[in-house]
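Here the sequence shown is numbered in the UniProt record's numbering, starting from 1 and rising by one per residue.
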Amino acid sequence: MIDAPVALLVLVAAACMVLAALLSAGEVAVLRVTRAAVSELVTESRPHASRVRRLTTEPARTAAAASFVRLVFEMTTTTSITLALASTGSLLWWQILLLSVVLTALIALLLVRASPRGVGHRHPLRVLVALSGLLSVVARLPLGRLAPAAGRTGEVDEDELRDMVDRVSESEGIEEEEREMLRSVFELGDTLTREVMVPRTEMLTAGAGTSLRKALRLLLRSGYSRVPVVGESVDDLRGVVFLKDLVRRMQDAPDSQDDPVTTILRPAVFVPETKPVDDLLREMQATSSHIAIAVDEYGGIAGLVTIEDALEEIVGELTDEHDRSVPQVEDLGDGSFRVPARLPVDELGELFQLDVDDDDVDTAGGLLAKALGKVPLPGSAADIHGLHLVADRAEGRRKQLATLVVTLVEPERAEPGDHDPDLHGAAR
């Protein structure tokens with residue numbers, strides 16, 4: 001038998017258990033409370049507001065110190081219970097061990113961990129205000145300064161959040177679409193501008209000598225509200241023309257329709273193609289820019305990126321109210337067919353009992369682009385492989401060609417190029 005004051009040991013165990021429970025609640029509360037709640041507390045000059053603000057300045061350090069001291073109190077509780085049981089003298093050693101383990105587990109899980117942590121999670125601000133004195137004492141101890149986890153919270157928190165999203169989605173707590181959106185937010189910093197931009201081969205541009213009237217026609221046909229203006233080549237970028245600037249100029253000065261588009265250009269915003277998308281989104285938001293030109297390491301134009309391109313990495317593809325689902329092949333009844341732009345060329349040939357084989361392109365839209373030598377706009381037409389192709393409708397935020405109307409070439413028809421040197425896409 002161990003000669004120890006049982007009553008004192010029980011009192012020490014109870015006191016340490018209460019302190020451990022309080023620190024457990026405070027540890028969760030300091031990590032759970034929001035900055036907005038703390039700011040409101042300070043603004044209202046409520047009691048202990050300044051103390052709470054100091055604790056939340058470095059919440060990870062405060063939580064690490066509280067966790068360390070809580071473990072000390074839990075170990076003290078376990079030791080005191082074991083000594084108290086041994087002091088009775090009526091129990092065998094294995095009975096003392098068994099009772100100590102069972103009592104310690106119940107105390108640690110129910111009285112110290114589960115219940116206090118639940119309170120701290122549900123009412124973080126109230127718990128933090130109530131325990132600000134105790135936590136301030138703990139935070140001033142050198143133990144908190146030695147906490148190794150305090151300096152790595154960014155990486156650890158992100159990994160924990162990813163795991164949390166996976167666990168919640170497995171339990172059907174959130175929908176699949178919501179889970180993908182959260183994952184997209186985490187991956188935004190790892191995605192580069194070059195991965196979301198429109199490449200230079202697909203950019204729609206206007207020539208520097210384009211008149212205001214022709215530029216307006218280009219914007220209306222393409223469905224874009226902003227188009228880059230180039231000189232001798234795409235790398236000779238002069239600026240960006242805005243649809244609203246065009247309309248305003250032509251309304252205020254009707255005689256200016258033949259003026260060059262360079263008279264109303266806005267300067268282009270240039271970004272490196274290696275810029276992370278999250279930084280790109282913040283920059284475009286700060287500068288109120290909706291369009292930027294991506295450049296490669298040699299200073300050449302690599303592509304074009306819009307703020308919608310960045311947002312699509314989070315929320316998925318954006319469409320407007322005019323977009324419709326792409327139809328299947330539609331017989332128009334006069335020997336012509338409306339076909340999807342992505343219809344394979346061999347299936348296109350089968351509609352007219354022709355053997356259409358092209359080594360350069362695979363789709364109907366690709367055939368039209370090859371025949372035109374530029375990005376097709378609605379209304380563009382060309383003849384190729386015995387077929388007359390007319391661009392029918394563009395859809396989506398990028399206004400990509402969706403459907404074409406195809407007929408057999410009439411024997412007397414010449415092959416129109418539908419080329420306009422001032423209105424063009426990048427050369428393929």
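Where a beta carbon is used, it is the ideal one built from N, C-alpha and C, also for glycine.
_Between which two residues does the beta strand (DSSP E) holding E395 run?_
L387 to E395
*Quick one: residues in its chain with C-beta nearer than 8 Å to the C-beta of L91, no 5 flanking neighbours on either side, listed in chain order?*
L85 and L99
*If we call anything under 7 Å between Cβ atoms a contact, is T205 one with P228?*
yes
_Same chain, Cβ closer than 6 Å to E330, neighbours up to 5 away in sequence not counted_ = R338
*Would H419 be called buried (16 or more neighbouring beta carbons within 10 Å of its own) or exposed?*
The pLDDT assigned to H419 is 43, lower than 50, so where the model puts this residue is not dependable; a value taken from the coordinates is nonetheless given after this. Residue environment: H419 is assigned as exposed (fewer than 16 neighbouring CB atoms within 10 Å of its CB, all protein chains considered).
_To the nearest angstrom, how far is the alpha carbon of L351 from that of G333?_
13 Å
*Residues bridged to residue 445 (per DSSP)*: Lying before the first or after the last residue shown, residue 445 is absent from the chain, which here runs from 1 to 428.
*Considering only the beta carbon of each residue, do R217 and Q257 sit closer than 7 Å?*
The answer is no: Cβ separation not under 7 Å.
*Start-to-end residues for the alpha helix (DSSP H) that takes in residue 429*: Because residue 429 is not part of the residues shown, which for the chain are 1 to 428, the question remains open.
*Let me know the secondary structure DSSP gives L265 once reduced to three states.*
coil
*Taking DSSP as the reference, what is the three-state secondary structure of A382?*
strand
*Note down, in chain order, each residue of its chain lying with its Cβ closer than 8 Å to the Cβ of R46, except the 5 sequence neighbours on either side.*
V129
*Report the three-state DSSP secondary structure of L237 (helix, strand or coil).*
strand
*residue 431: buried (16+ other C-beta within 10 angstroms of its C-beta) or exposed?*
No answer is possible for residue 431: the residues shown for the chain start at 1 and end at 428.
*By Cβ distance below 8 Å, which residues in the same chain neighbour M197 in space, the five residues on each side in sequence not counted?*
Residues E273, A294, A302, G303, L304, V305 and D309 of the same chain have their beta carbon placed closer than 8 Å to that of M197, with the five preceding and five following residues left out of the count.
*Let me know the secondary structure DSSP gives R217 once reduced to three states.*
helix
*L109: buried (16+ other C-beta within 10 angstroms of its C-beta) or exposed?*
exposed
*Considering only C-alpha positions, which residue in the set L368, G239 and P116 is nearest to F270?*
G239
*Can you tell me which of L83, A208, M181 and D296 puts its alpha carbon nearest to the alpha carbon of L103?*
Selected option, being the one with the closest Cα: L83.
*Check whether the Cβ atoms of R54 and S24 sit closer than 7 Å, and answer yes or no.*
Against a cut-off of 7 Å, the Cβ pair of S24 and R54 comes out as no contact.
*Enumerated in chain order, which unbroken segments of the alpha helix (DSSP H) with a length of 4 residues or greater are wholly contained in the stretch 12 to 38?*
none
*Specify the secondary structure class of I307 as computed by DSSP and reduced to three states.*
helix
*asked:* Below 8 Å on the Cβ atoms is my contact criterion, and I expect V315 with M181 to pass it. Report the Cβ-Cβ distance as a whole number of Å.
replied: Sure, about 6 Å apart at Cβ, within 8 Å.
_So, for A394: in the same chain, excluding its five sequence neighbours on each side, which residues have a beta-carbon less than 8 Å away from its beta-carbon?_
S222, G223, L377, P378, Q400, L401 and A402
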